[in-house]
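Engineer: Residue numbers (this note's numbering), protein chains in the order written: chain Z, 241 to 601; chain D, 303 to 626; chain A, 151 to 408. I have a structure here, written as structure tokens, and I will follow up with some questions on it.
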Amino acid sequence: MSHNAIQDRPPVTTTTAVKHDPLRHARLPRWTPFAVAVGSITAAVGLGLAAGWHSRIQWGLVAATFFVLATYVITTKVEGSRQAKDRVATSLVWVCFILAVVPLLSLAWVTISKGLEVLDPYFLTHSMNGVLDAEAGGGVYHALLGTIEQVGIATLIAAPIGLLTAVYLVEYGGGKLSQAVTFFVDVMTGIPSIVAGLFILATWNLMLGFGPSGFAGAMALAILMMPVVVRSTEEMLKLVPNELREASLALGIPKWRTILKVVLPTAIGGITTGVMLAVARITGETAPVLLLVFGTKLINPNPFEGAQSSLPLYVYEQYAVGTDAAVARAWAAALVLIAFVMILNLVARGIARWKAPKTGR
Amino acid sequence: MVTTTPPIRNSRRAEGASRPGDKVFLGLSRGSGITLLVIMAAIAVFLTYRAVLAISQDSTNFLTTSEWNPAGQPPVFGIAVLAFGTVVSSIIAMVIAVPVAIGIALFISHYAPRKLAKPLAYVVDLLAAVPSIIYGLWGAIFLVPYLGGLNKWLDDYMGWTYIFDKSSDGVARSLFTVGILLAIMILPIITNVTREVFLQVPKMHEEAALALGATRWEVIRMSVLPFGRSGIISASMLGLGRALGETMAVAVVLSPSFVISGHLLDPGGGTFAQNIAAKFNEANEFGRDALIASGLVLFVITLLVNGAARWIIGRRKEYSGAAA
Amino acid sequence: MAKRIDVSGLSAYYGAHKAIDDISMTVEPRSVTAFIGPSGCGKSTFLRTLNRMHEVTPGGRVEGKVMLDDENLYGSHVDPVAVRRTVGMVFQRPNPFPTMSIFDNVAAGLRLNGKYKKSQLSEIVERSLKGANLWNEVKDRLNKPGSGLSGGQQQRLCIARAIAVEPDVLLMDEPCSALDPISTLAIEDLIGELKERFTIVIVTHNMQQAARVSDRTAFFNLAAVGQPGKLIELDDTERIFSNPSVQATEDYISGRFG
Chain Z
241 MSHNAIQDRP
251 PVTTTTAVKH
261 DPLRHARLPR
271 WTPFAVAVGS
281 ITAAVGLGLA
291 AGWHSRIQWG
301 LVAATFFVLA
311 TYVITTKVEG
321 SRQAKDRVAT
331 SLVWVCFILA
341 VVPLLSLAWV
351 TISKGLEVLD
361 PYFLTHSMNG
371 VLDAEAGGGV
381 YHALLGTIEQ
391 VGIATLIAAP
401 IGLLTAVYLV
411 EYGGGKLSQA
421 VTFFVDVMTG
431 IPSIVAGLFI
441 LATWNLMLGF
451 GPSGFAGAMA
461 LAILMMPVVV
471 RSTEEMLKLV
481 PNELREASLA
491 LGIPKWRTIL
501 KVVLPTAIGG
511 ITTGVMLAVA
521 RITGETAPVL
531 LLVFGTKLIN
541 PNPFEGAQSS
551 LPLYVYEQYA
561 VGTDAAVARA
571 WAAALVLIAF
581 VMILNLVARG
591 IARWKAPKTG
601 R
Chain D
303 MVTTTPPIRN
313 SRRAEGASRP
323 GDKVFLGLSR
333 GSGITLLVIM
343 AAIAVFLTYR
353 AVLAISQDST
363 NFLTTSEWNP
373 AGQPPVFGIA
383 VLAFGTVVSS
393 IIAMVIAVPV
403 AIGIALFISH
413 YAPRKLAKPL
423 AYVVDLLAAV
433 PSIIYGLWGA
443 IFLVPYLGGL
453 NKWLDDYMGW
463 TYIFDKSSDG
473 VARSLFTVGI
483 LLAIMILPII
493 TNVTREVFLQ
503 VPKMHEEAAL
513 ALGATRWEVI
523 RMSVLPFGRS
533 GIISASMLGL
543 GRALGETMAV
553 AVVLSPSFVI
563 SGHLLDPGGG
573 TFAQNIAAKF
583 NEANEFGRDA
593 LIASGLVLFV
603 ITLLVNGAAR
613 WIIGRRKEYS
623 GAAA
Chain A
151 MAKRIDVSGL
161 SAYYGAHKAI
171 DDISMTVEPR
181 SVTAFIGPSG
191 CGKSTFLRTL
201 NRMHEVTPGG
211 RVEGKVMLDD
221 ENLYGSHVDP
231 VAVRRTVGMV
241 FQRPNPFPTM
251 SIFDNVAAGL
261 RLNGKYKKSQ
271 LSEIVERSLK
281 GANLWNEVKD
291 RLNKPGSGLS
301 GGQQQRLCIA
311 RAIAVEPDVL
321 LMDEPCSALD
331 PISTLAIEDL
341 IGELKERFTI
351 VIVTHNMQQA
361 ARVSDRTAFF
371 NLAAVGQPGK
381 LIELDDTERI
391 FSNPSVQATE
401 DYISGRFG
């Protein structure tokens with residue numbers, strides 16, 4: 241085999257010759273990345289043990305650095321600088337992935353394993369009434385009840401307003417007002433949750449003189465939820481093909497009935513998903529609840545009167561107490577909260593997939 | 303963004319007003335839109351009103367004072383420490399999270415084996431929904447002790463940089479730790495948005511680069527990153543907005559103090575949101591107004607960040623290649 | 151420069167699906183070879199195996215040999231990146247890099263493959279744009295984005311970009327199907343000039359176009375939908391269109407199917 245023909249090409253007739261690489265060049269075997277990875281990890285662990293580093297994070301960072309450097313040096317030597325850059329980019333992307341996966345896996349694992357230590361039916365069905373901080377026992381029932389009531393009320397406020405606003409923007413949009421609404425929905429998406437809490441605090445509690453209640457918290461949560469509902473519903477309504485609307489209008493059906501009977505039913509799957517994802521998002525909000533609902537150890541089924549508790553607030557309070565028993569309760573409540581949010585997410589995504597409009601991507 | 307059907311315009315007058323049903327429905331939906339505007343206006347007005355009440359009683363400069371004692375005689379409180387802490391922790395978070403998020407997004411969109419990419423994207427989606435208090439709990443109980451060793455190491459070898467000089471002992475409940483935790487928290491959201499944009503890069507732009515003899519990295523540099531630039535910026539701003547306003551995770555992890563210190567590894571400092579959560583319970587009505595005043599500053603900062611993001615995206619739209 | 155392509159026993163797959171089956175043919179240097187055939191017959195897939203673009207598609211896989219003069223493109227030590235550099239490609243829809251200027255678009259391939267002085271780059275860019283019959287139209291706006299050009303100009307920009315790196319072979323995948331008749335004519339004239347320097351392979355749906363631009367024509371067909379595509383015959387264009395040796399070719403050309 242001669243590849244001379246490829247390397248020794250005759251000079252081009254023009255003045256500046258274009259540079260050509262040969263088709264073949266030395267290439268590293270396929271197992272090289274694995275070998276380099278094993279080598280780097282061994283070196284990092286060896287170094288870690290020798291220098292007595294306690295933190296595994298250091299071991300990981302050093303191994304990652306070794307890996308990237310070794311890849312670069314070896315590839316530059318064997319394959320050339322372009323290939324080296326390519327391989328380093330690949331290595332970095334993998335390192336990013338691993339760097340991110342480790343803490344997130346740890347988070348999931350810790351929450352589940354710690355949470356399961358305390359979580360049982362008793363925990364779900366009892367409040368903290370009469371339970372001392374240092375004492376084991378007690379439960380999360382009052383917080384669960386509070387969360388469901390507050391999130392429920394927030395959804396009752398935010399979902400209709402959000403939905404109708406989206407209908408307005410998509411079906412009646414185009415004017416100055418709808419431009420303003422679009423802009424402020426964007427602004428509203430960026431409001432920190434604690435600011436929403438402060439707003440209700442300033443008006444409802446400080447100016448109107450109401451005490452803390454589940455309802456106050458629900459109003460703040462509704463403010464956080466509205467823009468999310470508007471955005472997702474808007475996206476879904478835009479996916480409904482115009483032909484459907486025109487077909488209905490052409491039959492002489494009034495516009496409002498067209499929207500109710502044709503447009504909304506077509507998009508209902510996506511809208512439901514959007515609302516559920518918004519619900520999942522506000523379920524985990526702690527800050528406004530901390531300011532407005534205040535927290536209690538007792539079961540208070542009335543969201544309109546007196547302090548309530550909520551799951552995220554309960555986690556915070558139990559952590560702040562700091563005794564072993566309390567921290568264990570915090571983990572268990574965290575697990576309940578995460579399960580609640582994840583189930584909402586999974587169901588919402590399931591609906592989205594199941595009811596996806598045919599025009600979707 | 304999928305905008306297959308533009309809104310049906312000008313149809314309002316054509317058939318709107320005649321039927322009572324249409325009138326009611328239009329009224330309801332327009333009313334909802336107006337309600338949203340009213341809420342936004344109310345937030346701005348009432349926060350400003352309460353903030354003015356508080357600041358007018360403040361005996362020092364609200365912006366430059368690093369002390370928080372609204373109950374004092376005379377009241378003394380200012381946001382210097384909070385602004386510093388908020389900005390520094392968010393910068394740390396962004397410096398770590400943005401490159402890593404771009405890396406993960408590229409991993410999902412261009413590097414991972416297909417069997418891994420789909421479930422991975424799904425998991426990242428779910429992670430974006432994990433409540434912040436849980437990140438806080440995990441951060442306080444697990445991350446803080448683990449970072450102890452890293453902090454010591456940074457102090458030993460990077461101490462000369464001043465910012466990594468750890469001048470006091472104690473656990474790693476520092477702005478640096480908060481920054482790392484915030485980075486982990488905003489990672490999923492930045493990754494999600496960025497990945498969406500990367501997946502929308504037209505196949506033909508990537509093939510154009512490939513056909514010229516570009517390696518995978520060169521394809522990404524020539525066609526994926528330029529196409530995704532405005533998406534990356536808006537995703538980062540979204541993440542920054544989250545980091546600036548994050549309350550509970552910071553409140554749980556940081557051991558606050560009202561001192562501005564450039565030694566990022568030292569425990570201490572504070573952020574707007576964290577300070578509100580921490581000081582709220584013990585505050586009287588005037589103290590709460592003072593906290594509202596600091597909340598207003600946070601509100602304005604997040605508005606500016608979001609506005610900047612939108613401006614950048616709008617300006618870059620013509621070059622995004624969507625029209626090509 | 152221009153090289154002979156010698157394909158033997160080539161099959162390509164998408165996952166488990168076989169898209170083309172056991173193709174052998176020779177493409178002569180300094181000539182235009184056109185691939186014609188009904189939709190789905192695998193002519194585009196085959197084209198993409200000639201510069202190893204097929205394997206970029208998820209699940210894409212190739213068996214067989216493609217000799218470029220005396221080098222097998224699918225040999226074990228051959229770098230696919232270098233292959234694509236040597237075998238240029240122009241796509242169905244014009245795809246200039248939208249964020250780059252006209253100049254940078256043409257220089258893109260050169261910048262990948264080596265270091266050039268600014269003056270050298272300008273010289274090659276000018277030469278390539280002239281080669282693509284585009285120079286006079288864009289010489290005053292080299293720094294404007296390439297996406298501002300008309301469709302036909304964009305396609306010639308893509309051709310300039312492809313020939314700037316002086317490939318041995320130029321593959322064209324229905325390069326005129328997104329263009330109006332006048333732009334099409336400009337591209338066809340250009341192909342006639344380019345064949346003096348390159349080996350050109352063009353896939354086309356338009357039989358008149360094949361008859362106009364090509365020296366040799368290959369007809370591809372498939373037995374039924376879902377079956378792999380096969381090469382039916384390859385001959386001088388004149389013979390294919392006047393007196394083909396296979397009945398199916400005649401049926402296709404005379405419009406009896408496809």
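We treat Cβ as the ideally placed atom computed from N, Cα and C, and that holds for glycine.
1) Do residue 446 of chain D and residue 426 of chain D have their C-beta atoms within less than 8 Å of each other?
2) In the DSSP assignment, find the unbroken alpha helix (DSSP H) run with residue 564 of chain Z in it and report its ends.
3) Just the Cα atoms here: how many angstroms apart are residue 263 of chain Z and residue 553 of chain D?
4) For residue 606 of chain D and residue 566 of chain Z, I'd like the C-alpha separation in whole angstroms.
5) Strictly below 8 Å CB to CB, what residues from chain D border residue 259 of chain Z?
6) So, under 8 Å CB-CB, residue 592 of chain D and residue 379 of chain D are touching, yes? Tell me the CB distance rounded to an integer number of Å.
7) Below 8 Å CB to CB, which residues in the same chain sit around residue 608 of chain D once its five sequence neighbours on both sides are set aside?
8) Could you tell me whether the region 209 to 216 of chain A touches the region 160 to 171 of chain A, where touching means 3 or more Cβ pairs closer than 8 Å?
9) By Cβ distance below 7 Å, which residues in the same chain neighbour residue 349 of chain D in space, the five residues on each side in sequence not counted?
10) Let's see if you can read the secondary structure: which residues bound the beta strand (DSSP E) around residue 467 of chain D?
11) For residue 543 of chain Z, decide whether its Cβ has a neighbour in chain D, counting only Cβ atoms nearer than 8 Å.
12) Using DSSP with H/G/I as helix, E/B as strand and the rest coil, what is residue 350 of chain D?
13) Roughly how many whole angstroms lie between the Cα atoms of residue 180 of chain A and residue 333 of chain A?
14) May I ask you to list, following chain order, the residues of the region 393 to 406 of chain Z that have a beta carbon less than 7 Å from some beta carbon of chain D?
15) Let me know if residue 583 of chain D comes out buried or exposed under the rule of 16 or more other beta-carbons within 10 Å of its beta-carbon.
16) Leaving aside the five residues before and after residue 277 of chain Z along the sequence, list all residues of the same chain whose C-beta is less than 7 Å from its C-beta, in chain order.
17) By alpha-carbon positions, which one of A:288, A:167, A:400, A:200 ends up nearest to residue 349 of chain A?
18) Do residue 255 of chain A and residue 307 of chain A have their CB atoms nearer than 8 Å?
19) Straight-line CA distance for residue 176 of chain A to residue 335 of chain Z?
20) Pick helix, strand or coil for residue 430 of chain Z, following the three-state DSSP scheme.
21) Cβ of residue 342 of chain Z within 8 Å of Cβ of residue 260 of chain A?
22) Quick check: the Cα distance between residue 247 of chain Z and residue 260 of chain Z, rounded to an integer number of angstroms?
23) Measure the C-alpha to C-alpha separation of residue 373 of chain D and residue 355 of chain D and round it to an integer number of angstroms.
24) Helix, strand or coil for residue 265 of chain A? Go by DSSP, reduced to three states.
25) Considering just the uninterrupted stretch of the alpha helix (DSSP H) at residue 321 of chain A, what are its terminal residues?
26) Could you please tell me which residues of the region 418 to 449 of chain D, in chain order, have their CB closer than 8 Å to any CB of chain A?
27) Which residue marks the beginning of the alpha helix (DSSP H) containing residue 161 of chain A, and which one marks its end?
28) Along the chain, where does the alpha helix (DSSP H) containing residue 172 of chain A start, and where does it finish?
29) Compute the Euclidean distance between the alpha carbons of residue 183 of chain A and residue 305 of chain A, then round it to the nearest angstrom.
30) Count the other CB atoms, across all protein chains shown, that sit within 10 Å of the CB of residue 537 of chain D; report buried if there are 16 or more and exposed otherwise.
31) Which of the three DSSP states is assigned to residue 239 of chain A in this structure?
32) Taking the beta carbon of residue 322 of chain Z as the centre, do at least 16 other beta carbons fall within 10 Å, making it buried, or is it exposed?
33) To which residues of the same chain is residue 299 of chain Z closer than 7 Å at the C-beta, ignoring the five residues directly before and after it?
34) Got a sec: is the Cβ-Cβ distance from residue 333 of chain D to anything in chain A below 8 Å?
35) What does the Cβ neighbour count give for residue 600 of chain Z, buried or exposed, with the cut at 16 atoms within 10 Å?
36) Thinking just about the alpha-carbon of each residue, which of A:366, A:166, A:228, A:291 is nearest to the one in residue 253 of chain A?
Structural biologist: Result, derived from the coordinates:
1) On the second sequence, residue 446 of chain D is found 144 positions in, with the first residue counted as 1. On the second sequence, residue 426 of chain D is found 124 positions in, with the first residue counted as 1. It is not a contact, given that the beta carbons lie outside the stated cut-off.
2) Here residue 564 of chain Z is taken as the residue at index 324 of the first sequence, counted from 1. It spans 564 to 594 - the alpha helix (DSSP H) in which residue 564 of chain Z sits, taken as one unbroken run.
3) Against the first sequence, residue 263 of chain Z aligns to sequence position 23. Against the second sequence, residue 553 of chain D aligns to sequence position 251. When rounded, the separation of the alpha-carbon atoms in residue 263 of chain Z and residue 553 of chain D is 59 Å.
4) The residue given as residue 606 of chain D occupies position 304 in the second sequence. The residue given as residue 566 of chain Z occupies position 326 in the first sequence. When rounded, the distance between both Cα atoms is 40 Å.
5) Within the first sequence, the letter at position 19 stands for residue 259 of chain Z. Near residue 259 of chain Z there are no residues of chain D at all, since even the closest Cβ is about 12 Å away, more than 8 Å.
6) Against the second sequence, residue 592 of chain D aligns to sequence position 290. Against the second sequence, residue 379 of chain D aligns to sequence position 77. That belief holds up - the Cβ atoms of residue 592 of chain D and residue 379 of chain D are roughly 5 Å apart, short of 8 Å.
7) Taking the second sequence and counting its residues from 1, the one referred to as residue 608 of chain D is at position 306. Cβ neighbours of residue 608 of chain D within its own chain (closer than 8 Å, five residues either side excluded): 539, 543.
8) The region 209 to 216 of chain A vs the region 160 to 171 of chain A: in contact.
9) One-based indexing of the second sequence puts residue 349 of chain D at position 47. The beta carbon of residue 349 of chain D sits closer than 7 Å to those of 594, 597, 598, 601, all from its chain and outside the five residues before and after it, given in chain order.
10) Walking along the second sequence from the start, residue 467 of chain D turns up at place 165. Run containing residue 467 of chain D: none; DSSP gives neither H nor E here.
11) In the first sequence, residue 543 of chain Z corresponds to position 303, counting from 1. Not closer than 8 Å to any Cβ of chain D, the Cβ of residue 543 of chain Z fails to qualify, so no.
12) Within the second sequence, residue 350 of chain D is the residue found at index 48, counting from 1. It is helical.
13) Here residue 180 of chain A is taken as the residue at index 30 of the third sequence, counted from 1. Here residue 333 of chain A is taken as the residue at index 183 of the third sequence, counted from 1. Residue 180 of chain A and residue 333 of chain A have their C-alpha atoms roughly 23 Å apart.
14) 401, 404, 405
15) The residue given as residue 583 of chain D occupies position 281 in the second sequence. By the 10 Å Cβ count, residue 583 of chain D comes out exposed.
16) In the first sequence, the residue the question calls residue 277 of chain Z occupies position 37. Only 307 meet the Cβ criterion.
17) On the third sequence, residue 349 of chain A is found 199 positions in, with the first residue counted as 1. Looking at the Cα atoms, A:200 is the closest of the given residues.
18) Stepping through the third sequence from its first residue, residue 255 of chain A is reached at position 105. Stepping through the third sequence from its first residue, residue 307 of chain A is reached at position 157. Yes, the Cβ-Cβ distance between residue 255 of chain A and residue 307 of chain A is below 8 Å.
19) One-based indexing of the third sequence puts residue 176 of chain A at position 26. One-based indexing of the first sequence puts residue 335 of chain Z at position 95. So the two alpha carbons sit approximately 46 Å from each other.
20) Sequence index remark: in the first sequence, residue 430 of chain Z carries index 190 (1-based). Residue 430 of chain Z: coil per DSSP, three-state reduction.
21) Translated into positions along the first sequence, residue 342 of chain Z becomes position 102. Translated into positions along the third sequence, residue 260 of chain A becomes position 110. No; because the gap between Cβ atoms is not below 8 Å, this pair is not in contact.
22) As a working note, residue 247 of chain Z is residue 7 in the first sequence. As a working note, residue 260 of chain Z is residue 20 in the first sequence. For residue 247 of chain Z, the pLDDT reaches just 40, beneath the cut-off of 50, and the residue's location in the model is therefore unreliable, although a value from the coordinates is still provided. Their backbone Cα atoms lie some 8 Å apart in a straight line.
23) In the second sequence, counting from the first residue as 1, residue 373 of chain D sits at position 71. In the second sequence, counting from the first residue as 1, residue 355 of chain D sits at position 53. When rounded, the distance between both Cα atoms is 14 Å.
24) As a position in the third sequence, residue 265 of chain A is number 115, starting the count at 1. Coil, per DSSP.
25) Counting from 1 along the third sequence, the entry for residue 321 of chain A is found at position 171. From DSSP, residue 321 of chain A is part of no alpha helix (DSSP H) but of the beta strand (DSSP E) over 319 to 323.
26) Within the region 418 to 449 of chain D, no residue has a Cβ lying closer than 8 Å to any Cβ of chain A.
27) Along the third sequence, read from residue 1 onward, the residue named residue 161 of chain A stands at position 11. It is not in any alpha helix (DSSP H) - residue 161 of chain A instead sits in the beta strand (DSSP E) that spans 155 to 164.
28) Translated into the one-based positions of the third sequence, residue 172 of chain A becomes position 22. Where residue 172 of chain A is concerned, there is no enclosing alpha helix (DSSP H), although the beta strand (DSSP E) it sits in stretches over 167 to 177.
29) By one-based count along the third sequence, residue 183 of chain A stands at place 33. By one-based count along the third sequence, residue 305 of chain A stands at place 155. Distance between the alpha carbons of residue 183 of chain A and residue 305 of chain A: 20 Å.
30) Residue numbering aside, residue 537 of chain D sits at position 235 when the second sequence is read from its first letter. Under this definition residue 537 of chain D is a buried residue.
31) The residue you call residue 239 of chain A lines up with position 89 of the third sequence. The three-state reading of DSSP puts residue 239 of chain A in strand, counting E and B together.
32) Along the first sequence, one-based indexing puts residue 322 of chain Z at 82. Under this definition residue 322 of chain Z is a buried residue.
33) For this step, residue 299 of chain Z is matched to residue 59 along the first sequence. Cβ within range, chain order: 284, 285, 288, 293.
34) Here residue 333 of chain D refers to the residue found at position 31 when the second sequence is read from its first residue. By this cut-off, residue 333 of chain D is not an interface position.
35) Here residue 600 of chain Z corresponds to residue number 360 of the first sequence, with the count starting at 1. The predicted position of residue 600 of chain Z is uncertain, since its pLDDT is 41 and thus under 50; a value taken from the coordinates is nonetheless stated next. Under this definition residue 600 of chain Z is an exposed residue.
36) On the third sequence, residue 253 of chain A is found 103 positions in, with the first residue counted as 1. Nearest option by C-alpha distance: A:291.
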